[in-house]
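First up is the structure itself, then whatever we jot down about it.
Residue numbers (UniProt numbering): 1 to 282.
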């Protein structure tokens, strides 16, 4: 990464510039000093170097230890640069390894990194359930992940629910909490955390409805819980509704993502193609 120092930034120490102007954490700054590299105009400097107008500050972040097993799988890359990946995840692929899934999106990305000598681990920024398809944002290094965690990412979904939703557009504002003793299931409960879901009916077919859905909050299973609570469970979702669709998992797809790039500060908009389970309702 590199930045050109402006007149208003002249006179700052490299340390202060990185901490205050570029939102480095103290830990990342320390590790960059020890295991990365800091240059001004192609010359190595310390963090006590005082910057001047027109200087080019270059940072090489430290390599990261990636303990995820690399596994070669197909990756549908929608966007990529030195700092970000946006991938369209298929239904049935878990995002990260767990006791039931050892071949996951993270394993595939680790293989991709290894083949291209990308010296970082996998930083998942936006997660999807195993049987939810669509766009996932991955930061290529800790600094990008740290910045993205502070920024709002707009995600738009398509969902197919059982029944015809009478209100053709609306907002669901109902709190969600764990449905104990389950460690997986959630429920609507007044003691839970606030959860806000917006929706619009796009199509109706065979007593099912295709919805456009976007969120103000990101609670676990939020879309699935909210529509199940209203009596419109997602087809294929046997966790939150009695399902007879013969689908393997809920009909839910992250269609698009919009975000401000953490390094370049430009807006990025990505769109994922529909899977077959959604396409036939479009």
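The C-beta atom is built at its ideal place from N, Cα and C for all residues, glycine as well.
Here residue 200 is bridged, per DSSP, to 169, 212.
For residue 14, DSSP records no beta bridge to any residue. When the five nearest sequence neighbours on each side are left out, the beta carbons in the same chain lying within less than 7 Å of the beta carbon of residue 45 are those of 14, 38, 39, in order along the chain. Under a 10 Å Cβ-count criterion, residue 262 is classified as buried, with 16 or more other Cβ atoms of the shown protein chains found around its own Cβ. In the three-state DSSP reduction, residue 220 falls in the coil class, being neither helix nor strand.
Given a length threshold of 3 residues, each whole run of the beta strand (DSSP E) inside the stretch 24–79 is given here in chain order: 37–40, 56–60.
The continuous beta strand (DSSP E) containing residue 268 extends over residues 267–271. For residue 78 against residue 87, the beta-carbon gap comes to about 7 Å, under 8 Å, which counts as contact. Spatial neighbours of residue 62 in its own chain (CB-CB distance under 8 Å, excluding positions within 5 residues in sequence) are listed in chain order as 31, 32, 34, 35, 36. Relative to residue 118, the option among 60, 275, 16, 55 whose CA is nearest is 60.
Within the same chain, and ignoring the five residues on either side of residue 3 in sequence, the residues whose Cβ sits closer than 6 Å to its Cβ are 57.
Of 207, 89, 11, 211, the smallest CA-CA separation from residue 168 is found for 211.
For the pair of segments examined, the stretch 252–268 was found not to touch the stretch 187–197: the number of CB pairs separated by less than 8 Å stays below three.
Separation of residue 1 and residue 105 (C-alpha to C-alpha, rounded to the nearest whole angstrom) is 27 Å. Beta bridge pairing from DSSP links residue 177 with 187. A direct Cα-to-Cα measurement between residue 158 and residue 202 gives close to 9 Å.
Cβ neighbours of residue 64 within its own chain (closer than 8 Å, five residues either side excluded): 119, 120, 121, 141, 142. In this structure, residue 176 lies away from residue 250, with their beta-carbon atoms at least 8 Å apart. For residue 166, the closest of 227, 133, 149, 70 by C-alpha to C-alpha distance is 227. Between residue 161 and residue 239, the beta carbon gap of about 14 Å keeps them out of contact (Cβ cut-off 8 Å).
Looking only at 137, 20, 188, the smallest Cα-Cα distance to residue 80 is reached by 137. For residue 136, the enclosing beta strand (DSSP E) covers residues 133–139.
Here the alpha carbon of residue 18 sits roughly 10 Å from the alpha carbon of residue 12. The C-beta of residue 130 has 16 or more other C-beta atoms within 10 Å across all chains shown, which makes the residue buried. With a contact defined as Cβ atoms closer than 8 Å, residue 139 and residue 229 miss out at about 33 Å. The three-state secondary structure of residue 112, taken from DSSP, is helix.
For residue 279, the enclosing alpha helix (DSSP H) has its first and last residue at 276–279.
Per DSSP, residue 159 is one residue of the beta strand (DSSP E) stretching across 154–162. Under the three-state reduction of DSSP output, residue 145 falls in the helix class.
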